[in-house]
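Residues 1 to 728, numbered by the UniProt record's numbering, are exactly what the sequence shown covers, in order. Beta carbons are placed, not taken as given, at the ideal position from N, Cα and C, and that holds for glycine. These figures come from a predicted structure and were not determined experimentally.
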Amino acid sequence: MENGNVVNEEVEVQDEGNHQELGNGNLSIKRDLLDLEAGDHNTVQKMNWGTVLKLAFQCIGVVYGDLGTSPLYVLPGIFPDGIKHNDDLLGVLSLIIYSIIIITLIKYVFVVLSANDNGEGGTFAIYSLICRHAKVNMIPNHQAEDRELSNYKLKTPHRRMKMASAVKSKLENSYIMKVSLLFMSMLGVSMVLGDGVLTPCISVLSAVSGIKEADASLTDNAIMWISVGILIFLFQIQRFGTDKVGYTFAPIIIIWFGFIACIGIFNTVKYDPSVMKAVNPWYIVQYFKRNKKDAWISLGGVILCLTGSEALFADLGHFNILSVQISSCSVLIPSVLLAYVGQCSYLRENTQDVTDAFYKSIPKSMYWPQFIVAVLAAIIASQSLISASFSIIQQSVALGCFPRVKVVHTSAEHEGQVYVPEINTLLMLACVGVTLGFKNTLKIGNAYGIAVTFVFVITSSFLVLIMIMIWKTHIIFIILYVLTIGLIELIFLSSVLYKFVDGGYLPLFFAFIVVAIMFIWNYGYRKKYTYELENKVSIEKLADITSDERIHRTPGLGLFYTQLVHGISPIFTHYVSSVSSLHSVVVFVSIKSLPISKVCPDERFLFERVKPREMIFRCIVRYGYRDSRKEQERLEDMMVNQLKEFIRNYENGEDMQREVALVDHAQREGVVYLMGESLVMASDGSKLVKKLTIDYLYNWLSRCVRQPDEVFLVPRKHLLKVGMTYEV
């Protein structure tokens, strides 16, 4: 797949009689799959407890803002029309307690976190993990040499192999299943982006609305405009990076958790300690018996207590599993549960205050400190989802499922911390638009619930596949997961969809736009890829070109960027026929993304000599979806050094010395970057839908986004482009 600045694998291992070994620096790449699958090449390094506890402290400020601020708006969302029966509070509190324990704690903290991709989390991380164990990519990306990467982690099934093999075979042999998996991944990404829009809106608006307790004269419009100002400021500081903006927030969030826990305990003791009996799930049954359909509808508000659970997984790359588990169990879960218990205890005696339960339940002496901390915590909650949005966009671009955008790495220490200017601007405009359009948290909460629940269901669906194909989990535990957690999430989903008209349409509309963009981009590239694959330059044709006396060989190093990893793009012949000149050393460079999070630097380059005794090579530059791209000058030097190392390993004596000297001389003479600029058009006789998608929508996207030379940071004074039209 194209990925703006990376290109995925195009064909399987076999390629028209190509039996040469690829060189990885001073390593030869063997193709013995039995050896590859014999064991796990990834060595997990254990962290000392000091590092784990430090990470546990840091992740409090980055990951838990959304989950921690949910007490601001959950109970008003559950009781929009007021509390009809006093015992309804016990049923709702029991629902909240068990929802947090089952979904947040059991599912995410202790199950989903284990489904990481070499420490990386999120929808595309799970999809990449599945793609690495089954050939379900729309474009095949399995290659023997890639499996030797230390992070690839390919294992041979050893238990319950029959079921795993059957599911894997079904996925690999069904085009519909492949499309469905890709669609679900895109839908999951779009819903997380929807969270990135709605979290700042509902968190900031809920926090700021508390100022009415101090000044009742403030109108909803005034609160709305104050919130808009805070949101604009929030998005303006994103350019400074997660490490600067996020890690400094941990002390504030810890103060927030301390405040809500202490106030929760105070309210429980002061008002009605008997709410603690809500730990008995029988109150849930009584709540549904008493309220029937209204109880089911209220689940759309209950789901809001789980907002941010996906962030535990999506932001895993900044930390590790143990640090998240420690901080979740010791700080997050106890504090949040105490906050809900305290609010319900207060409302047992003050049912009329449910529309503003959080601020009404705060002791007057604590109002201003809590208000200030609440606003800061709301900003932090927004920060975590915005950062997660940047991360998943980076993954989507790297895996070819999103148009080319600029990805800025904001930290030299943490490669996963990125900033995407275009997405930041779009999220800011969307947040401001939603806040101005809805003006209150009730309708935003309805929209928020749909986005959150869809992500839950998609993650569970992928998790079941991982249980079957990768973990080889016993069928009993899989069925148990589906009938408990899976069923609960589907019930939540049915409830939030009921509120489609009352704001629930927003994330679905947003998802439709994002998924449409992703599908159009992916479809256009696959058609472009197919054309190049079917018309690639054969070895015989290349031999004819290089032996043609009319083709001049000029001094210098020519780096020809191509999208094919096996074979040479047909645009090369178009270039030769137009220019009639080749550099003394030519390297066909393919920047390729693998379905893994990171590639070790010493495994970055793969070289192959295209034709014996000719200074023409192919170089595959491999990246994971969380790797940062180096500056072009640095990449060029690294590539030339690895090329010379490759020659030393595969040539002997005078030939080796001569060819290394030729490479050095060519680099001194100057490096020229050669790029094809292809226009993709639907062929004659194509259906109207295909013509509309390719000729207008895909080409329009291609013109709007960053061009390959901008993404690669190629110096324009050394760039030569050759245009060609592809009829697909």
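- Query: Beta-carbon separation of Gly524 and Gly301 under 8 Å?
  - Reply: In this structure, Gly301 does not lie closer than 8 Å to Gly524 by Cβ.
- Message: Measuring alpha carbon to alpha carbon, tell me which residue in Ala377, Val418, Leu385, Ala378 is nearest Val397.
- Response: Comparing Cα-Cα distances from Val397 to each of Ala377, Val418, Leu385, Ala378, the minimum goes to Val418.
- Task: List the residues that DSSP assigns as beta-bridge partners of Arg622.
- Result: DSSP lists Lys592 as partners of Arg622.
- Query: Gly558 lies in the beta strand (DSSP E); which residues open and close that run?
  - Reply: 552-561
- Expressed to the nearest angstrom, what Euclidean distance is found between the alpha-carbon atoms of Val455 and Ala311? 11 Å
- Message: Quick check: the Cα distance between Ser217 and Thr425, rounded to an integer number of angstroms?
- Response: In this structure, the CA atom of Ser217 is about 33 Å from the CA atom of Thr425.
- Select from Val496, Arg404, Met469, Ile423 the residue whose C-alpha is nearest the C-alpha of Val457. Val496
- Inspect the beta-carbon positions of Met276 and Ala511 and report whether they are closer than 8 Å. no
- Query: Any idea what DSSP makes of Asp117, helix, strand or coil?
  - Reply: strand
- Query: Using a Cβ-Cβ cut-off of 8 Å (strictly less than) and excluding sequence neighbours within five positions of Ser578, which residues of its own chain qualify?
  - Reply: Val722
- Using only alpha-carbon positions, find the residue among Val585, Ser569, Val621, Val610 that is nearest to Ser593. Of the candidates Val585, Ser569, Val621, Val610, the one whose C-alpha sits nearest the C-alpha of Ser593 is Val621.
- Message: Rounded to the nearest angstrom, what separates Leu720 and Thr546 at their Cα positions?
- Response: 20 Å
- Query: Three-state secondary structure (DSSP) at Ser581?
  - Reply: strand
- Query: If you pair each beta-carbon of the segment 251-264 with each one of the segment 329-344, do three or more pairs fall below 8 Å?
  - Reply: yes
- Message: Using CA atoms only, rank isn't needed, just tell me which of Gln667, Glu349, Ile392 is closest to Asp195.
- Response: Residue nearest to Asp195 within the set Gln667, Glu349, Ile392 is Ile392 (criterion: CA-CA distance).
- Task: Name the two residues that bound the continuous beta strand (DSSP E) containing Tyr726.
- Result: 719-727
- Message: Check whether the segment 51-64 and the segment 313-325 touch, using three or more Cβ-Cβ pairs below 8 Å as the test.
- Response: yes
- Message: Buried or exposed, going by whether 16 or more other CB atoms sit within 10 Å of the CB of Cys305?
- Response: Note on Cys305: 16 or more other CB atoms within 10 angstroms of its CB, so buried under the neighbour-count rule.
- How many Å lie between Ala381 and Ser538 at the Cα? 55 Å
- Would you grab the beta carbon distance between residue 775 and Ala339 for me? Rounded to a whole angstrom, and I think it's under 8 Å. In the structure as shown, the chain begins at 1 and stops at 728. Residue 775 is therefore absent and cannot be evaluated.
- Message: Mapping the DSSP letters down to three states, classify Met467 as helix, strand or coil.
- Response: helix
- Exposed or buried, which one is Val689 when buried takes at least 16 other CB atoms within 10 Å? For Val689, the number of other beta carbons within 10 angstroms of its own is below 16, and it is reported as exposed.
- Would you grab the beta carbon distance between residue 765 and Ile326 for me? Rounded to a whole angstrom, and I think it's under 8 Å. No answer is possible for residue 765: it lies beyond the span of the chain, which begins at 1 and ends at 728.
- Item | Val408 - partner residues in DSSP beta bridges | Tyr419
- Is the beta carbon of Val204 sitting closer than 8 Å to the one on Ile232? Result no, Cβ atoms of Val204 and Ile232 do not sit closer than 8 Å.
- If Asn221 and Asp88 are in contact, beta carbons under 8 Å, what's the gap, nearest whole angstrom? At roughly 32 Å, the Cβ-Cβ gap does not stay under 8 Å, so Asn221 and Asp88 are not in contact.
- Message: Using 8 Å as the cut-off, can you tell me whether the segment 458-469 makes contact with the segment 204-213, which would need three or more C-beta pairs spanning the two stretches below that distance?
- Response: no
- Going along the chain, which unbroken runs of the alpha helix (DSSP H) with 4 or more residues stay wholly within the segment 256-321? 282-291, 293-302, 309-314
- Message: With distance defined between alpha-carbon atoms, name the residue in Lys406, Met184, Leu198, Val179 nearest to Ala125.
- Response: A check of alpha carbon separations from Ala125 across Lys406, Met184, Leu198, Val179 identifies Met184 as the nearest.
- Message: I need the straight-line Cα distance from Val711 to Val501, nearest angstrom please.
- Response: 41 Å
- Measure the alpha-carbon distance for Val714 versus Phe572 and round it to whole angstroms. 19 Å
- Item | Beta-carbon spacing of Leu67, Thr104 below 8 Å | Contact annotation: Leu67 and Thr104 have beta-carbon atoms nearer than 8 Å.
- Nearest-angstrom Cα separation, counted from Tyr623 out to Met724: 28 Å
- Query: Does DSSP put Met675 in a helix, a strand or coil?
  - Reply: strand
- Own chain residues within Cβ distance below 6 Å of Phe79, not counting five before or after: Val354
- Message: Between the alpha carbons of Arg716 and Val663, how many angstroms are there, rounded?
- Response: 23 Å
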